[in-house]
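Structure first, then comments.
Residue numbers (UniProt numbering): 1 to 239.
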């Protein structure tokens, strides 16, 4: 029986996978990798990709067709770059969610697979925090031991779960004391029914930790209190 089981899915739910962690006594068999290489930015269209690297033997995946004409090959797609022919990236052929990356540059690499942390279910991202891989207020030194498994289990189940939409507290904790965590920006506007008047607005919020340089760099932008003061128009809606 597995020590812990992680569940992941693409956005539309057609691709699902499980990672079974058989034992907590071995370390460094699973690890978190922050990837900001040019290749990663190009494939994910994001400045940073967070991977969970696990032994391939822990990983099981399945596809779930939602219409009769959908096949496994159309649901789970594989991309091989001509510039990195030994790396295979799998993604959903319908919603486009990036799921895994696998390469065989070394024999050790061939025995591991990288999973996008964002494709894990929210509760399993929280479990990564409890295991010491991600920031977690409940984690302790004992939780920071690595998790591993020496053998394949005899039966595995892919569990269907509802798609959830809420924030990632572990990511908010990472950026809390950085500029990403201090700056919040909101834009919107509306037009009159006849199209003769259009109003656009932008609100930038800083907290007290911002320095003078940050405020001077955005001199034309007003804080929330300054913007709303003396303005009676509260009907503006976000575009």
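From the three backbone atoms N, C-alpha and C, an ideal C-beta is built for every residue, glycine too.
From the DSSP output, read off the bridge partner residues of residue i.
i           : result
residue 63  : 15
residue 89  : 79, 101
residue 7   : 18
residue 189 : 200
residue 33  : 51
residue 84  : 81
residue 254 : One cannot answer for residue 254 here, as it falls past the ends of the chain, which runs 1 to 239.
May I ask which residues mark the beginning and end of the alpha helix (DSSP H) holding residue i?
i           : result
residue 129 : 122-130
residue 75  : 72-75
residue 110 : 107-110
Can you check which of these residues, the options, is closest to residue i by C-alpha distance?
i           : options           : result
residue 84  : 104, 119, 69      : 104
residue 66  : 93, 78, 81, 201   : 93
residue 22  : 38, 5, 13         : 5
residue 86  : 35, 129, 102      : 102
residue 55  : 107, 200, 190     : 107
residue 33  : 109, 52, 202      : 52
residue 13  : 41, 62, 50        : 62
residue 50  : 41, 82, 116, 20   : 116
residue 90  : 18, 10, 134       : 10
residue 130 : 18, 8, 24, 99     : 24
residue 77  : 59, 97, 69        : 97
residue 79  : 88, 73, 71        : 88
residue 20  : 39, 38, 60        : 60
residue 38  : 112, 81, 119, 193 : 81
residue 111 : 120, 41, 29, 199  : 29
residue 31  : 197, 120, 95, 114 : 114
residue 75  : 128, 99, 57       : 99
Residue range of the beta strand (DSSP E) that residue i falls in?
i           : result
residue 101 : 98-103
residue 51  : 49-55
Are at least three pairs of beta-carbons, each pair with one atom in the segment 119-127 and one in the segment 44-51, less than 8 Å apart? Fewer than three beta-carbon pairs drawn from the segment 119-127 and the segment 44-51 are found closer than 8 Å, and the two stretches are therefore not classed as touching.
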